[in-house]
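The block underneath contains the structure these notes are about, expressed in structure tokens.
Protein chains: 2
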Amino acid sequence: MKIAIYGYGNLGRGVECAAQQNDDVELVGVFTRRDPKDLKTLFGTPVYSVDDILDFKDKVDVLIICGGSATDLPKMTPALACDFNVVDSFDTHAKIPEHFEIVDAAAYANETTALISCGWDPGMFSLNRLYASAILPDGKDYTFWGRGVSQGHSDAIRRIDGVVDARQYTVPVAETLQSVRDGNTPELTTRQKHIRECYVVAEEGANLQEIEQKIKTMPNYFADYDTTVTFISMEEMKRDHSEIPHGGVVIRTGKTGVNSCHSNTIEYSLKLDSNPEFTASALVAFARAVYRMHERGTIGCLTPFDVAPADLSPLSGAELRAIML
Amino acid sequence: MKIAIYGYGNLGRGVECAAQQNDDVELVGVFTRRDPKDLKTLFGTPVYSVDDILDFKDKVDVLIICGGSATDLPKMTPALACDFNVVDSFDTHAKIPEHFEIVDAAAYANETTALISCGWDPGMFSLNRLYASAILPDGKDYTFWGRGVSQGHSDAIRRIDGVVDARQYTVPVAETLQSVRDGNTPELTTRQKHIRECYVVAEEGANLQEIEQKIKTMPNYFADYDTTVTFISMEEMKRDHSEIPHGGVVIRTGKTGVNSCHSNTIEYSLKLDSNPEFTASALVAFARAVYRMHERGTIGCLTPFDVAPADLSPLSGAELRAIML
Numbered sequence: 313m314k315i316a317i318y319g320y321g322n323l324g325r326g327v328e329c330a331a332q333q334n335d336d337v338e339l340v341g342v343f344t345r346r347d348p349k350d351l352k353t354l355f356g357t358p359v360y361s362v363d364d365i366l367d368f369k370d371k372v373d374v375l376i377i378c379g380g381s382a383t384d385l386p387k388m389t390p391a392l393a394c395d396f397n398v399v400d401s402f403d404t405h406a407k408i409p410e411h412f413e414i415v416d417a418a419a420y421a422n423e424t425t426a427l428i429s430c431g432w433d434p435g436m437f438s439l440n441r442l443y444a445s446a447i448l449p450d451g452k453d454y455t456f457w458g459r460g461v462s463q464g465h466s467d468a469i470r471r472i473d474g475v476v477d478a479r480q481y482t483v484p485v486a487e488t489l490q491s492v493r494d495g496n497t498p499e500l501t502t503r504q505k506h507i508r509e510c511y512v513v514a515e516e517g518a519n520l521q522e523i524e525q526k527i528k529t530m531p532n533y534f535a536d537y538d539t540t541v542t543f544i545s546m547e548e549m550k551r552d553h554s555e556i557p558h559g560g561v562v563i564r565t566g567k568t569g570v571n572s573c574h575s576n577t578i579e580y581s582l583k584l585d586s587n588p589e590f591t592a593s594a595l596v597a598f599a600r601a602v603y604r605m606h607e608r609g610t611i612g613c614l615t616p617f618d619v620a621p622a623d624l625s626p627l628s629g630a631e632l633r634a635i636m637l
Numbered sequence: 313m314k315i316a317i318y319g320y321g322n323l324g325r326g327v328e329c330a331a332q333q334n335d336d337v338e339l340v341g342v343f344t345r346r347d348p349k350d351l352k353t354l355f356g357t358p359v360y361s362v363d364d365i366l367d368f369k370d371k372v373d374v375l376i377i378c379g380g381s382a383t384d385l386p387k388m389t390p391a392l393a394c395d396f397n398v399v400d401s402f403d404t405h406a407k408i409p410e411h412f413e414i415v416d417a418a419a420y421a422n423e424t425t426a427l428i429s430c431g432w433d434p435g436m437f438s439l440n441r442l443y444a445s446a447i448l449p450d451g452k453d454y455t456f457w458g459r460g461v462s463q464g465h466s467d468a469i470r471r472i473d474g475v476v477d478a479r480q481y482t483v484p485v486a487e488t489l490q491s492v493r494d495g496n497t498p499e500l501t502t503r504q505k506h507i508r509e510c511y512v513v514a515e516e517g518a519n520l521q522e523i524e525q526k527i528k529t530m531p532n533y534f535a536d537y538d539t540t541v542t543f544i545s546m547e548e549m550k551r552d553h554s555e556i557p558h559g560g561v562v563i564r565t566g567k568t569g570v571n572s573c574h575s576n577t578i579e580y581s582l583k584l585d586s587n588p589e590f591t592a593s594a595l596v597a598f599a600r601a602v603y604r605m606h607e608r609g610t611i612g613c614l615t616p617f618d619v620a621p622a623d624l625s626p627l628s629g630a631e632l633r634a635i636m637l
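Encoded structure:
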């Protein structure tokens, strides 16, 4: 299977790493909006300009689009789906139905196969919500995120006057998580589920109290949470907060039996040293499924919900049944 | 979707309960090898003799076969797949490839759809091994079972002279589980992974020391484990050990990034008050997928690996994308 990477940030580099781990994957190249001469890839993968992408129409089986969900993917994915089978990690949950429709129209019209919203949430967490709810319909599920870096919240802090750099960690409230893990099914407020920990480097002479106040009262981002703000030096930021870990938990407890007498709890959790590298690894596995499904004649837009798990593995059906079932 | 239950033990009763929770499921009847007059179902579901099953050929969309893996399913599933779409919970891991081939031949020849080895292991645990290994190929996975009742091991104890009743719990070794959960990837012996706890009711005057010795040295079942034997009264057995709980954990840790510098851990765990009711709930969800896949023209034998998750849910693709992705 020949893949290519479109966009070379953290996610694109993660796909380049993941490609090394999969023997059936050949990485054709990296496509960038920058000048290809200025970009050096981790493993010496050839770099091309996005302007030349159509020259590769018959040389790439699946194009993995590594752009941002806010502005890149809504344009890139439908445009590229006109000429390539594509996979993206579109993660703006509220806009998934709209993105799906637009990509589906482009892929159908051009007889390509597209898969959107791949990664861990949306992605593996979504799959676990689906499996758990299908098996235990009389139940309730909970998703907790963290401990991990939220890029969007970190960016929001950086936009405050006097802030030089910032890192925000989302952390599940330990007692709430334990209660849900024990099979309880409470109604929870935003504040009861997650804490927001902020590490901030301020300009010299900045009003720290004012910055802290602005963070804690910021609507949507922080006002509804218990938020802690810790001021640190740039040196500490680089030393202690240079990684991009994340993770979280999906838990569903459901009742079974006569008079719902039995309680059953399903839990799926991730502890990721590298959020983008894990997402990238998922993109490569789902690219394999897109390639196979396209070969079998599937066209249009898909999500992880539409992929039979066997299509994700390099092993054959017989091998999977013998060693993994 | 019209389903029927073939075999009415713990699993069959679980399917009857699960059918009540799914609005799109109509339970046509229970088929039994016993005299139907002697069998009273939990929810008043009509009971028929297995001898009359062919009268229902066009009245049942999917037949859920609730027999044992040792002797029932190897015969029942291929035979019934000649006339019905079927689902079973065949769980003798080593014999899955053989069972698959036989059922596949029967289903193909008769243009029916069969799904085998559904439940949690094989089943949901297998799916999690597959997803995790496809996403993190450079890693290692571990499956721990318990704390839960092992029926086979309980039966083995009951066959010892002087034993009236017995219940065996499989329990993961806590320190080993914690080590794997922390991202370590040790090589483990059988003894390092699980403990076997036995609760035994002995005949009056039986030689307890001898019984304990026979249990602890029983090859395959107990000799390779740290085994504890506790003698209890029949009253205690009924009071404290009448339920059939089970569960366990699948954990995979895999490396990503340049020089495998990042570690990522995926964990899937189940805590089940009722092992058979959870398995039954999975059978009903997968029966829905079998029904839909058969309607779309799929024939032959499948496993949970071959089912796109969207087919398990009563919700439409658009609904799933809007609320669960």
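Chains as they are written, first to last, in this note's numbering: chain A, 313 to 637; chain B, 313 to 637. Note that beta-carbon positions come from the ideal geometry of N, C-alpha and C, so glycine has one too.
Beta strand (DSSP E) segment containing residue i, residue limits
i                      : result
residue 314 of chain B : 314 to 318
residue 508 of chain B : 506 to 514
residue 366 of chain B : No beta strand (DSSP E) contains residue 366 of chain B, which DSSP labels as neither H nor E.
residue 548 of chain A : Element bounds for residue 548 of chain A: not the beta strand (DSSP E) but the alpha helix (DSSP H), 546 to 552.
residue 456 of chain B : 451 to 457
residue 427 of chain A : 425 to 427
residue 412 of chain A : No beta strand (DSSP E) contains residue 412 of chain A, which is instead part of the alpha helix (DSSP H) from 408 to 422.
residue 325 of chain A : Here residue 325 of chain A belongs to no beta strand (DSSP E); instead the alpha helix (DSSP H) covers 322 to 332.
Within-8 Å CB hit, residue i to chain A
i                      : result
residue 633 of chain B : yes
residue 374 of chain B : no
residue 323 of chain B : no
residue 551 of chain B : no
residue 609 of chain B : no
residue 443 of chain B : yes
residue 620 of chain B : yes
residue 570 of chain B : yes
residue 386 of chain B : no
Contact with chain B by residue i, beta-carbon distance below 8 Å
i                      : result
residue 431 of chain A : no
residue 456 of chain A : no
residue 574 of chain A : yes
residue 359 of chain A : no
residue 500 of chain A : no
residue 351 of chain A : no
residue 546 of chain A : no
residue 617 of chain A : yes
Extent of the continuous alpha helix (DSSP H) run through residue i
i                      : result
residue 386 of chain A : 384 to 392
residue 537 of chain B : Run containing residue 537 of chain B: none; DSSP gives neither H nor E here.
residue 467 of chain B : 463 to 470
residue 447 of chain A : 436 to 447
residue 484 of chain A : Not the alpha helix (DSSP H): residue 484 of chain A falls in the beta strand (DSSP E), residues 475 to 484.
residue 606 of chain A : 587 to 607
residue 633 of chain A : 629 to 635
Exposure label - residue i; buried when at least 16 CB within 10 Å
i                      : result
residue 527 of chain A : buried
residue 564 of chain B : buried
residue 617 of chain A : buried
residue 383 of chain A : exposed
residue 570 of chain B : exposed
residue 519 of chain B : exposed
residue 430 of chain B : buried
residue 597 of chain B : buried
residue 508 of chain B : buried
residue 355 of chain A : exposed
residue 608 of chain A : exposed
residue 567 of chain A : buried
**Request:** With 8 Å as the limit, tell me which residues of the stretch 329 to 340 of chain B have their beta carbon closer than that to any beta carbon of chain A; keep them in chain order.
**Result:** Result list: 329, 330, 333 and 334.
**Contact residues within the stretch 577 to 607 of chain B, judged by C-beta distance below 7 Å to chain A** = The residues in question are 577, 578, 579, 580, 581, 582, 583, 584, 585, 586, 589, 590, 593, 594 and 597.
**Request:** Inspect the CB distances between the stretch 317 to 327 of chain A and the stretch 365 to 379 of chain A and report whether three or more fall short of 8 Å.
**Result:** Judged by Cβ distances under 8 Å, the stretch 317 to 327 of chain A makes contact with the stretch 365 to 379 of chain A, as three or more pairs qualify.
**Prompt:** According to a CB-to-CB cut-off of less than 8 Å, which residues of the stretch 484 to 517 of chain B neighbour chain A?
**Reply:** Near chain A, meaning a CB-to-CB distance below 8 Å, the residues of the stretch 484 to 517 of chain B are 495.
**Prompt:** Per the contact definition of three or more C-beta pairs closer than 8 Å, is the stretch 625 to 633 of chain A in contact with the stretch 358 to 372 of chain B?
**Reply:** With a cut-off of 8 Å on Cβ pairs, the stretch 358 to 372 of chain B is not in contact with the stretch 625 to 633 of chain A, counting fewer than three such pairs.
**Prompt:** Would you say the stretch 384 to 404 of chain B touches the stretch 576 to 587 of chain B, given that touching needs at least three Cβ pairs under 8 Å?
**Reply:** These segments do not touch.
**Prompt:** Between the stretch 390 to 422 of chain B and chain A, which residues of the former have CB atoms less than 8 Å from a CB of the latter, in chain order?
**Reply:** Residues passing the 8 Å Cβ filter: 405, 408, 409 and 412.
**Asked** In chain order, what residues of the stretch 446 to 474 of chain A put their CB closer than 7 Å to some CB of chain B?
**Response** Those would be 446, 447, 448, 449 and 450, in chain order.
**Three-pair Cβ contact test at 8 Å for the stretch 478 to 498 of chain B versus the stretch 432 to 442 of chain B** = Look at the beta carbons and you see the stretch 478 to 498 of chain B not touching the stretch 432 to 442 of chain B: under three pairs across the two are nearer than 8 Å.
**Asked** Is there contact here, the stretch 397 to 405 of chain B with the stretch 523 to 543 of chain B, by at least three beta-carbon pairs under 8 Å?
**Response** No contact exists between the stretch 397 to 405 of chain B and the stretch 523 to 543 of chain B.
**Asked** Using 8 Å as the threshold, is the stretch 548 to 560 of chain A in touch with the stretch 540 to 555 of chain B, meaning 3 or more CB pairs across them?
**Response** The stretch 540 to 555 of chain B and the stretch 548 to 560 of chain A do not touch, with fewer than three beta-carbon pairs separated by less than 8 Å.
**the stretch 411 to 429 of chain B contacting the stretch 609 to 616 of chain B, beta-carbon criterion three pairs below 8 Å** = Two segments are said to touch when three or more pairs of C-beta atoms, one from each, lie closer than 8 Å; by this definition the stretch 411 to 429 of chain B touches the stretch 609 to 616 of chain B.
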